[in-house]
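Here's the structure, in structure tokens; my notes come after.
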Amino acid sequence: MIDGLRKYNRVVLEVVRKDLLLELRSKQVLNTAVVFALLVVVIFAFSFARSFTDVGVVGSGALWIAFVFAGTFGVSQSATAETADAGLDGLLLLPVDRSAIYVGKVLSNTVFTTAVAVITFVCTVIFLEFTVPLDVVPILLVVFVLAAFGFTSTGVLIATMTARARLRELLLPLLLVPLVVPVLLAGVELTRVLTEGYVTWQWLQLLLVYDGLLFLTGLVTFEYVVER
Amino acid sequence: MASITAEGVTKRLGSTVAVRDVSFTVESGEHVGLFGPNGAGKTTLMQMLATLSFPSDGSIQIGGRDVTPDATRVRRDLGVMGHRPMLYGTLTARENLRLHARLRGVSTDRVEEVLGQVNLRTQASTRVETFSHGMKKRLAIARAVLHDPTVLLLDEPYAGLDQRSAADLQRILDQFDDRTVVLATHDLARGATDCDRALVLVDGTVSRDVQIEDSATDALETVYQRATDPADQR
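Below you can see the structure in the form of structure tokens.
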């Protein structure tokens, strides 16, 4: 039992380490996502900065739009890297429960998506003068991590499912975004109230519960998604 | 003792039956070649043996364990080389093997050992994306044998290789002669040299199951022609 758990954890950690190393080498996800985040923020600055009096609304909008697109791109690239030379098949041949691969992929993609959210947040502060009280910044970071975790819990599953599909660029957001609407709603609402200096625990609870549901669903169904 | 036993294995992919009621046994240490035209079901059968997919009907046992309920344990004994290398292009050869060594709890000394066996020690620090097709195949073999498996499943190992690279690969594979091997290939000449027995698959079923005598490429070609000739099947 303990030996099995040790093997499971070893696979989780090695998958995370491998994904981080692949990203460090290619910088594909971070570079593209950062450029995209910058573009979104700059376009928001040109389009809405003068007409909107509430900077919080514009900043929050730019932040979460960039989050959705960068997150989708991230899970898509991660799945593509696994199918390029059938690297995922090599992992599927390991004598360990396949959910370990799923957990590793979710954790590594959570790191990428959180990093992009943080960079986008910095961009909104610089270009849109979006301000958040300093004492709630750590809570905002927790919100980014939780939202990224929920998003990638479903994203990894659907990206793996659609990785071999001909219209995967279309299918992925089409299937993914409706499923993560509660995560995005909670993220947007929590950002809005945090900019006003307080926290609503209901949204945080919703985010936690929905994260748990999405993660458990992925954990149980990953084996069937990767089977041919 | 039978190392692999397949009984009434059928695989349905949607409305298509890719493999139909296939039964065979492979004795421990035996080398069996799977031959057949494109679409005969060789890769589908290999994927089921590799536990990458499971039979719709029937059962496969490897080392006495049924692959459907006991796939995780079966995978310990399997070394699989597929059409594609199952590696990461942006990692070096050594990094790829070390990753698999850590994932399987194999020592890093073993990585250097297998790199030597497949003649890739000098290119071990080179990224796999710059490798030739033949080098990727050799590295794929290294990955497949890293954990010292008792059963080797080789799907089209010679596909896309020139004569010299294929000969090099065959020499490397000869080092693992003591394992049970199932080799799917179109190359009858190499198949005849590498295998003790041939299973000819046609339309998802085993059409012929014959022993291969020494230097019997011509005989195997005759068996293959007859098995795959529609007129002969009638």
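Taken in order, these protein sequences are the chains called A and B.
According to the numbering used here, numbering within the first sequence proceeds without interruption in unit steps and concludes at 228.
According to the numbering used here, numbering within the second sequence proceeds without interruption in unit steps and concludes at 234.
Glycine included, C-beta positions come from ideal geometry on N, C-alpha and C.
In the DSSP output, what is residue i paired with across the bridge?
{"i": "Asp57(B)", "result": "Thr10(B)"}
{"i": "Val68(A)", "result": "Paired residue(s): none; Val68(A) is not in a bridge."}
{"i": "Met81(B)", "result": "Leu154(B)"}
{"i": "Gly33(B)", "result": "Leu183(B), Ala198(B)"}
{"i": "Ile62(B)", "result": "Ile4(B), Arg65(B)"}
{"i": "Arg20(B)", "result": "DSSP lists no partner for Arg20(B)."}
{"i": "Gly26(B)", "result": "For clarity, residue 26(B) is Val in the given sequence; the question names Gly instead. BP columns for Val26(B) point to Ile4(B)."}
Quick one: is residue i buried, meaning 16 or more other Cβ sit within 10 Å of its Cβ, or exposed?
{"i": "Pro133(A)", "result": "exposed"}
{"i": "Asn96(B)", "result": "buried"}
{"i": "Lys27(A)", "result": "exposed"}
{"i": "Gln47(B)", "result": "buried"}
{"i": "Arg234(B)", "result": "Residue confidence is low: Arg234(B) scores 48 on pLDDT, short of 50, so the model does not pin down where it sits. Its coordinate-derived value is still stated next. Arg234(B) should be labelled exposed."}
{"i": "Trp201(A)", "result": "exposed"}
{"i": "Ser207(B)", "result": "buried"}
{"i": "Pro95(A)", "result": "buried"}
{"i": "Phe215(A)", "result": "buried"}
{"i": "Ala165(A)", "result": "exposed"}
{"i": "Leu238(B)", "result": "No answer is possible for residue 238(B): the residues shown for chain B start at 1 and end at 234."}
{"i": "Gln225(B)", "result": "exposed"}
{"i": "His147(B)", "result": "buried"}
{"i": "Glu169(A)", "result": "exposed"}
{"i": "Pro85(B)", "result": "buried"}
{"i": "Ala178(A)", "result": "Before going on, a small fix: residue 178(A) reads as Pro here, not Ala. It is exposed - the Cβ of Pro178(A) has fewer than 16 other Cβ atoms within 10 Å."}
{"i": "Pro138(A)", "result": "exposed"}
{"i": "Tyr210(A)", "result": "buried"}
{"i": "Phe35(B)", "result": "buried"}
Check residue i in the structure and name its three-state DSSP category.
{"i": "Ser26(A)", "result": "helix"}
{"i": "Asp209(B)", "result": "strand"}
{"i": "Leu199(B)", "result": "strand"}
{"i": "Leu146(A)", "result": "helix"}
{"i": "Ala166(B)", "result": "helix"}
{"i": "Thr233(A)", "result": "Outside the shown range of chain A, which is 1 to 228, sits residue 233(A), and nothing can be said about it."}
{"i": "Ala223(A)", "result": "According to the sequence as given, residue 223(A) is Glu; it is not Ala. The answer is helix: DSSP assigns Glu223(A) an H, G or I state."}
{"i": "Arg234(B)", "result": "For Arg234(B), the predicted model reports a pLDDT of 48, less than 50, meaning its position is unreliable; a value from the coordinates is still stated below. In this structure, Arg234(B) counts as coil in the three-state DSSP scheme."}
{"i": "Glu129(A)", "result": "coil"}
{"i": "Thr126(B)", "result": "coil"}
{"i": "Thr92(B)", "result": "strand"}
{"i": "Val55(A)", "result": "helix"}
{"i": "Phe215(A)", "result": "helix"}
{"i": "Ser15(B)", "result": "coil"}
{"i": "Gln175(B)", "result": "coil"}
{"i": "Ser107(B)", "result": "coil"}
{"i": "Phe46(A)", "result": "helix"}
{"i": "His133(B)", "result": "helix"}
{"i": "Thr38(B)", "result": "Note that residue 38(B) is Asn in the sequence shown here, rather than Thr. If DSSP states are grouped into helix, strand and coil, Asn38(B) belongs with coil."}
{"i": "Glu196(A)", "result": "coil"}
{"i": "Pro182(A)", "result": "helix"}
{"i": "Asn109(A)", "result": "helix"}
{"i": "Asn9(A)", "result": "helix"}
{"i": "Ala86(A)", "result": "coil"}
Cβ of residue i versus every heavy atom of the ligand COA: is any distance shorter than 7 Å?
{"i": "Thr83(A)", "result": "As far as ligands go, the structure on display features none, and thus does not contain the ligand COA."}
Between residue i and residue j, how many whole angstroms is the CB-CB distance? I'm expecting something under 8 Å.
{"i": "Glu27(B)", "j": "Ser3(B)", "result": "6 Å"}
{"i": "Ile101(A)", "j": "Val15(A)", "result": "6 Å"}
{"i": "Gly22(A)", "j": "Thr90(B)", "result": "Residue identity check: residue 22(A) is Leu in the sequence provided, not Gly. Between Thr90(B) and Leu22(A) the Cβ distance is about 6 Å, and since that is below 8 Å, they are a contact."}
{"i": "Val200(B)", "j": "Ala159(B)", "result": "Contact flag wrong, Cβ pair sits at about 18 Å."}
{"i": "Thr44(B)", "j": "Ala18(B)", "result": "4 Å"}
{"i": "Val75(A)", "j": "Val156(A)", "result": "6 Å"}
{"i": "Thr113(A)", "j": "Gly61(A)", "result": "No, Thr113(A) and Gly61(A) are not in contact; Cβ-Cβ is about 18 Å, not under 8 Å."}
{"i": "Arg197(B)", "j": "Ala166(B)", "result": "At roughly 21 Å, the Cβ-Cβ gap does not stay under 8 Å, so Arg197(B) and Ala166(B) are not in contact."}
{"i": "Leu128(A)", "j": "Phe44(A)", "result": "6 Å"}
{"i": "Gln170(B)", "j": "Gln117(B)", "result": "Contact flag wrong, Cβ pair sits at about 14 Å."}
Check the Cβ-Cβ distances between residue i and every residue of chain E, and say whether any is below 8 Å.
{"i": "Leu92(A)", "result": "The chain inventory of the structure shown lacks chain E, comprising the protein chains A and B."}
| query | Relative to chain A, which residues along the segment 44–55 of chain B have a C-beta separation below 8 Å, given in chain order? | reply | In summary, the residues of the segment 44–55 of chain B whose CB is separated from some CB of chain A by less than 8 Å are Gln47, Ala50, Thr51, Leu52, Ser53, Phe54, in the order they occur in the chain.
| Residues in the segment 18–29 of chain A with C-beta within 8 Å of chain B's C-beta atoms, listed in sequence order? | From the segment 18–29 of chain A, only Lys18, Leu21, Leu22, Arg25, Ser26 have a Cβ closer than 8 Å to chain B.
| Contact list for the segment 121–137 of chain A against chain B, Cβ threshold 9 Å | Cβ contacts with chain B come from no residue of the segment 121–137 of chain A.
| query | Of all the residues that make up the segment 85–96 of chain B, which are near chain A by a beta-carbon distance shorter than 9 Å? | reply | Residues passing the 9 Å Cβ filter: Pro85, Met86, Leu87, Tyr88, Gly89, Thr90, Leu91, Glu95, Asn96.
| message | At a CB distance below 7 Å, what residues from the segment 84–113 of chain A approach chain B? Give them in sequence order. | response | Against chain B - using a Cβ distance shorter than 7 Å - the residues of the segment 84–113 of chain A are Ala84, Asp85, Ala86, Gly87, Asp89, Gly90, Leu92, Leu93, Leu94, Pro95, Val96, Asp97.
| task | Note down, in chain order, all residues in the segment 100–117 of chain B with a beta-carbon under 9 Å from any beta-carbon belonging to chain A. | result | Identification of residues in the segment 100–117 of chain B having a C-beta nearer than 9 Å to some C-beta of chain A yields His100, Arg102, Leu103, Arg104, Gly105, given in sequence order.
| What residues in the segment 57–75 of chain B bring their beta carbon closer than 9 Å to a beta carbon of chain A? | The segment 57–75 of chain B vs chain A, Cβ under 9 Å: Ala71, Thr72, Arg73, Val74, Arg75.
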